[in-house]
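Report on the following structure.
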Amino acid sequence: MLKELYTGELKPVDRLGISEEYMSCREQAFLLEQQLRELLNNEQQEILDEVLEAQMLMVSAALQEGYLLGFREGAQMQIEILADNT
1 MLKELYTGEL
11 KPVDRLGISE
21 EYMSCREQAF
31 LLEQQLRELL
41 NNEQQEILDE
51 VLEAQMLMVS
61 AALQEGYLLG
71 FREGAQMQIE
81 ILADNT
């Protein structure tokens with residue numbers, strides 16, 4: 001696993017978004033976006049595109065932070081388990 005992670009063969013981010021719940025939410029968001037776009041003029045659609053791009057960057061940053069935090073907490077738990085002398 002470590003070798004695959006190092007060489008880039010293992011990409012945890014590629015395993016995100018495959019649950020049925022995620023796919024259902026994604027489909028609903030897509031349909032709502034399409035409905036909204038029909039109501040907007042070109043300038044408003046460009047603003048919507050910018051909002052959606054900013055939101056995607058925010059979600060991506062949050063996912064990365066959550067992954068790193070989980071990895072660190074998992075490592076900390078292992079340290080505590082190995083250090084436990086009881």
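Under UniProt numbering, the first residue of the sequence shown is numbered 1, with each subsequent residue one higher.
Glycine included, C-beta positions come from ideal geometry on N, C-alpha and C.
Keep in mind it's a predicted model, so treat the numbers as computed, not measured.
### Query
I think L52 touches L36, with their Cβ atoms under 8 Å apart; what is that distance to the nearest whole Å?
The sequence position of residue 52 within the sequence shown is 52, counting from 1. The sequence position of residue 36 within the sequence shown is 36, counting from 1. With a Cβ gap of about 10 Å, L52 and L36 do not count as contacting.
### Task
Determine the contact status of L5 and L63, defining contact as a CB-CB distance below 8 Å.
Residue 5 sits at position 5 when you count from the first residue of the sequence shown. Residue 63 sits at position 63 when you count from the first residue of the sequence shown. Their beta carbons are not under 8 Å apart, which means L5 does not touch L63 by this criterion.
#### Entry: For P12 and E65, the rounded distance between their alpha carbons
Residue numbering aside, residue 65 sits at position 65 when the sequence shown is read from its first letter. Residue numbering aside, residue 12 sits at position 12 when the sequence shown is read from its first letter. Spanning the two alpha carbons is a distance of roughly 13 Å.
### Query
Roughly how far, in whole angstroms, is the beta-carbon of M1 from the beta-carbon of L10, given that I think they are within contact range, below 8 Å?
Numbered from its first residue, the sequence shown carries residue 1 at position 1. Numbered from its first residue, the sequence shown carries residue 10 at position 10. At roughly 6 Å, the Cβ-Cβ gap stays under 8 Å, so M1 and L10 are in contact.
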